[in-house]
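Enquirer: Please see the structure below; I have some questions.
Numbering (this note's numbering), first residue to last: 2 to 373.
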């Protein structure tokens, strides 16, 4: 196990104690200072949230029952802020009520201490939570290093094609005298190649971020607490814009029921963009791309169906296996990475991703996410 407690020369661990009982608060602070922790104290929940945001402690100990803002409110507020979402959080409570504990754990609490507690109890709880935090951070860094190495290996090869096109078109514009119509045609191809390169880079880094965040449960909890109201309106706009870009507005069919979904607007936009763009890219003009949205029970269901070349069972299985960067991920010029991003976004929001395809006839991507 990793040793997190104070060591000579090591960075001192800072702990925030939020407790409205002055006697209890001062006793805890004194105990922690004797163990050479840096300490900060707050007399109520509102002050605790402000201190947590300003001080960025390594761990928070918080009473449940407090005036103004109780412990549950403190935890909910801190988990909703990116800067404080991953801080280990231990509740203090005068009772070990199972309902209260479940509520706290659902909000993202890491542990409970029931009053009265001993010095050994609180130090054990702190050590356990800090060790877990250090282990997760270590895994996170290892995963980032692995992704950096993978990107360094694969990215140069993937950049070659769009960069070659950009250089070729730029050379034509710089060296050839051509009529205005031809000039505009070459300039449009240059613009398209530059946009393709930009999107490729963005998708690489997004996929790397998603893979890294998969090891961080607190970040995932923060993601999963976001939601988009009237998601059907956002999906309608994205689908229409994507169809217009592909010059296929007449091929688009929408069947969108009013729905709210537990995913941020930014991430939902990316997910829908990749799915709809993929459907238009790999189906011929004058064939239908159908998008449906509905709510079934507590589930938000999105389906994108096209009448393109389709995927065989091996290709469908490969989308689910894209846990690393690999050359075959991009063998279909972008389709693999877009689907992999959509699938990873779905999984990280506790959703279900499925592809049903009859090659040469029809492909449907179905996503089910928690409804808001």
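Built from N, CA and C at the ideal position, the CB exists for glycine as well.
The model shown is predicted, which means the values in this text are computed figures rather than measured ones.
Is it buried or exposed for residue 312, if we count other Cβ within 10 angstroms and need 16 for buried?
Expert: The residue given as residue 312 occupies position 311 in the chain shown. Residue 312 comes out buried.
Enquirer: Going by other Cβ atoms of all chains shown within 10 Å of its Cβ, with 16 needed for buried, is residue 19 buried or exposed?
Expert: Mapped onto the chain shown, residue 19 falls at position 18. So residue 19 ends up on the buried side.
Enquirer: Specify the secondary structure class of residue 275 as computed by DSSP and reduced to three states.
Expert: Locating residue 275 in the chain shown gives position 274, counting from the first residue. Helix.
Enquirer: When you compare only the Cα positions, how much space is there between residue 211 and residue 315?
Expert: On the chain shown, residue 211 is found 210 positions in, with the first residue counted as 1. On the chain shown, residue 315 is found 314 positions in, with the first residue counted as 1. Taking the straight line from one Cα to the other gives about 24 Å.
Enquirer: Please give me, in chain order, every unbroken run of the alpha helix (DSSP H) with length at least 4 that falls completely inside the stretch 22-53.
Expert: 23-35
Enquirer: Should the stretch 343-359 be regarded as contacting the stretch 186-205, the criterion being three or more beta carbon pairs within less than 8 Å?
Expert: no
Enquirer: Among 199, 166, 124, which has the Cα closest to the Cα of residue 32?
Expert: Your numbering for residue 32 matches position 31 in the chain shown. Of 199, 166, 124, the residue nearest in Cα terms is 124.
Enquirer: Can you list, in chain order, the stretches of the beta strand (DSSP E) that have 3 or more residues and sit fully within the stretch 54-78?
Expert: 60-64
Enquirer: Rounded to a whole number of angstroms, what is the C-alpha to C-alpha distance between residue 163 and residue 173?
Expert: As a working note, residue 163 is residue 162 in the chain shown. As a working note, residue 173 is residue 172 in the chain shown. So the two alpha carbons sit approximately 16 Å from each other.
Enquirer: How is the beta strand (DSSP E) around residue 373 delimited, first residue to last?
Expert: As a working note, residue 373 is residue 372 in the chain shown. Segment: none, residue 373 is in no beta strand (DSSP E) and carries neither H nor E.
Enquirer: Note down, one range per segment and in chain order, each beta strand (DSSP E) of at least 3 residues found wholly within the stretch 152-202.
Expert: none
Enquirer: Measure the CB-CB distance between residue 288 and residue 264 and report whether it falls below 8 Å.
Expert: Translated into the one-based positions of the chain shown, residue 288 becomes position 287. Translated into the one-based positions of the chain shown, residue 264 becomes position 263. No; because the gap between Cβ atoms is not below 8 Å, this pair is not in contact.
Enquirer: Ends of the beta strand (DSSP E) at residue 94?
Expert: Working through the chain shown from its first residue, we reach residue 94 at position 93. Looking at the DSSP string, the run of the beta strand (DSSP E) that includes residue 94 is 90-94.
Enquirer: Can you have a look at residue 199 and say buried or exposed, based on whether 16 or more other CB atoms are within 10 angstroms of its CB?
Expert: Counting from 1 along the chain shown, the entry for residue 199 is found at position 198. The residue in question, residue 199, is exposed, as its Cβ has fewer than 16 Cβ neighbours within 10 Å.
Enquirer: Which same chain residues end up closer than 8 Å to residue 262 when comparing Cβ atoms and leaving out the 5 residues on each side of it in sequence?
Expert: By one-based count along the chain shown, residue 262 stands at place 261. Result list for residue 262: 228, 229, 232, 269, 301, 370, 371, 372, 373, in chain order.
Enquirer: At 4 residues or longer, what runs of the alpha helix (DSSP H) sit wholly inside the stretch 228-308?
Expert: 232-246, 266-282
Enquirer: Quick one: what does DSSP say residue 81 is sitting in, helix, strand or coil?
Expert: Locating residue 81 in the chain shown gives position 80, counting from the first residue. Residue state, collapsed to three classes: coil.
Enquirer: In terms of residues, what are the limits of the beta strand (DSSP E) holding residue 15?
Expert: The count along the chain shown starts at 1 and reaches residue 15 at position 14. Counting along the chain, the beta strand (DSSP E) containing residue 15 begins and ends at 15-19.
Enquirer: Start and end of the beta strand (DSSP E) containing residue 354?
Expert: As a position in the chain shown, residue 354 is number 353, starting the count at 1. In this chain, the beta strand (DSSP E) harbouring residue 354 covers 353-359.
Enquirer: Whole angstroms is fine: what's the gap from residue 170's alpha carbon to residue 272's?
Expert: Walking along the chain shown from the start, residue 170 turns up at place 169. Walking along the chain shown from the start, residue 272 turns up at place 271. A direct Cα-to-Cα measurement between residue 170 and residue 272 gives close to 31 Å.
Enquirer: So, under 8 Å CB-CB, residue 72 and residue 92 are touching, yes? Tell me the CB distance rounded to an integer number of Å.
Expert: Position 71 of the chain shown, counted from the first residue, corresponds to residue 72. Position 91 of the chain shown, counted from the first residue, corresponds to residue 92. 6 Å between Cβ atoms; contact.
Enquirer: Would you mind working out which of 78, 25, 285, 360 sits nearest residue 64, comparing C-alpha positions?
Expert: By one-based count along the chain shown, residue 64 stands at place 63. The option with the nearest alpha carbon to residue 64 is 25.
Enquirer: Tell me whether residue 122 sits in a helix, a strand or coil according to DSSP, three-state version.
Expert: As a working note, residue 122 is residue 121 in the chain shown. In the displayed model, residue 122 falls within a helix according to three-state DSSP.
Enquirer: Is DSSP giving residue 116 helix, strand or coil here?
Expert: By 1-based counting over the chain shown, the position of residue 116 is 115. Coil, per DSSP.
Enquirer: CA-CA distance, residue 39 and residue 295?
Expert: Numbered from its first residue, the chain shown carries residue 39 at position 38. Numbered from its first residue, the chain shown carries residue 295 at position 294. Using only the alpha carbons, I get a separation of about 52 Å.
Enquirer: Taking only three categories from DSSP, how would you classify residue 128?
Expert: On the chain shown, residue 128 is found 127 positions in, with the first residue counted as 1. Three-state DSSP puts residue 128 in a helix.
Enquirer: Rounded to whole angstroms, what's the CA-CA distance from residue 279 to residue 83? Just pull it up for me.
Expert: Taking the chain shown and counting its residues from 1, one reaches residue 279 at position 278. Taking the chain shown and counting its residues from 1, one reaches residue 83 at position 82. So the alpha carbons of these two residues sit roughly 31 Å apart.
Enquirer: Mind reading off the beta-carbon distance from residue 79 to residue 50? Whole number of angstroms is fine, and I expect it under 8 Å.
Expert: For the purposes of this step, residue 79 is taken as the residue at position 78 of the chain shown. For the purposes of this step, residue 50 is taken as the residue at position 49 of the chain shown. With a Cβ gap of about 6 Å, residue 79 and residue 50 count as contacting.
Enquirer: When you compare only the Cα positions, how much space is there between residue 54 and residue 236?
Expert: In the chain shown, the residue the question calls residue 54 occupies position 53. In the chain shown, the residue the question calls residue 236 occupies position 235. Cα-Cα distance, rounded: 35 Å.
Enquirer: Name the residue from 260, 131, 238 whose alpha carbon lies nearest to the alpha carbon of residue 253.
Expert: Here residue 253 refers to the residue found at position 252 when the chain shown is read from its first residue. Among 260, 131, 238, the Cα nearest to that of residue 253 belongs to 238.
Enquirer: Hey, how far is the Cα of residue 146 from the Cα of residue 188?
Expert: Taking the first residue of the chain shown as position 1, residue 146 is located at position 145. Taking the first residue of the chain shown as position 1, residue 188 is located at position 187. Rounded to whole angstroms, residue 146 to residue 188 spans 39 Å at the Cα level.
Enquirer: Let me confirm a value: residue 306 is counted as buried when at least 16 other C-beta atoms fall within 10 Å, else exposed. Which label applies?
Expert: Along the chain shown, one-based indexing puts residue 306 at 305. Counting Cβ neighbours within 10 Å, residue 306 comes out buried, since at least 16 surround it.
Enquirer: Express the C-alpha separation of residue 362 and residue 184 in angstroms, rounding to a whole number.
Expert: Here residue 184 corresponds to residue number 183 of the chain shown, with the count starting at 1. Here residue 362 corresponds to residue number 361 of the chain shown, with the count starting at 1. C-alpha separation (whole angstroms): 39 Å.
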